[in-house]
Amino acid sequence: KAEDADRWLVSREDFREFPDLWVTDGSITDMVKLTDANPQQSQYTWGTAELTEWMSNDGTPLQGMLFKPDGFDASEQYPMMVYFYERMSDGLYDYRSPTPGSSSISVPFFVSRGYLVFIPDIPYEIGYPGESALDAVVPGVLNLVAQGFVDEDKIGVQGHSWGGYQIAYMITKTNLFAAAEAGAPVANMTSAYG
């Protein structure tokens with residue numbers, strides 16, 4: 002906030018909007034954009050982000066993020082990547098740079114190439130991490146498939162470390178995924194935690 006005026010300098014962002022600087026009054030209704038730090042993004046297809054909800058196997062309401070490509074048409078079917086790591090839906094309005102990650106998928110990369118990206122939240126029951134992931138992720142994926150716009154033969158899943166462990170578990174329990182990548186998974190709980 003300015004010391005002697007009712008003016009605020011803020012950063013605003015969402016999945017499509019780079020976190021540029023804006024100036025506004027205290028009501029935050031009349032905002033003026035000051036910077037355009039990522040003009041090259043306008044040359045690329047980007048996509049949209051939304052919150053999606055479903056029920057777990059035991060009836061617990063769950064949520065996650067669904068990213069759709071630009072020009073999404075619900076009457077068509079799309080390949081889908083699934084990525085998860087605990088609970089991530091609080092990042093729905095985060096800008097995501099189109100950079101390769103060392104441990105997770107690049108949402109803009111996949112969405113700009115016509116994929117859906119689903120990032121479900123997972124509530125864990127102590128002592129049952131694999132089952133908890135299975136009971137949250139699979140019903141979430143099946144809920145999206147039931148809506149008709151997911152190509153059920155083209156669903157991939159990726160996770161790293163803790164997420165990698167859960168993927169290694171899940172692929173022994175379901176044939177839902179056409180491809181799976183478990184990066185640096187904890188594959189042996191005894192040797193990992195002693």
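Numbering (the working numbering), first residue to last: 2 to 195. Virtual Cβ for every residue (Gly too), placed ideally from N, Cα, C.
Approximately 7 Å separates the beta-carbon atoms of Leu117 and Phe68; this is inside 8 Å, confirming the contact. In this structure, Gln64 is the residue among Gln64, Lys155, Asp59 with its C-alpha nearest to the C-alpha of Glu51.
Ranked by Cα distance from Ser105, the first of Met190, Gln159, Phe150 is Gln159.
Ser57 is the residue among Ser28, Trp9, Ser57, Met171 whose C-alpha sits nearest the C-alpha of Asp122.
Contact check between the region 72-80 and the region 126-135: fewer than three CB pairs, one atom from each, fall below 8 Å, which does not count as touching. For Pro62, the pairing in a beta bridge is given by DSSP as Met56. The beta carbon of Gln42 sits closer than 7 Å to the beta carbons of Phe19 from its chain, once the five residues preceding and following it are set aside; these are given in chain order. Below 8 Å, enough C-beta pairs join the region 160-167 and the region 175-191 to call them touching: three or more. Less than 7 Å separates the beta-carbon of Met81 from that of Ile156. In this model, Trp55 and Asp5 are separated by some 49 Å (Cα to Cα). Of the residues Tyr45, Ser76, Pro124, Gln167, the one whose Cα lies closest to the Cα of Gly149 is Ser76. Val151 is the residue among Val151, Val187, Met190, Tyr166 whose C-alpha sits nearest the C-alpha of Ala179. By the C-beta density criterion, Ile168 is buried, having at least 16 other C-beta atoms within 10 angstroms. Annotated three-state conformation of Met82 is strand, per DSSP. Pairing Ile120 with Met66 gives a Cβ-Cβ distance under 7 Å. In summary, Pro109 is buried, with 16 or more beta-carbon neighbours lying within 10 Å of its beta-carbon over all protein chains present. With fewer than 16 other Cβ atoms from the protein chains shown falling within 10 Å of its own Cβ, Val33 counts as exposed.
Fully enclosed alpha helix (DSSP H) runs of no fewer than 4 residues occupy 108-112, 130-147, 163-171 of the region 90-173, in order along the chain. Rounded to whole angstroms, the gap between the alpha carbons of Gly27 and Trp9 is 7 Å.
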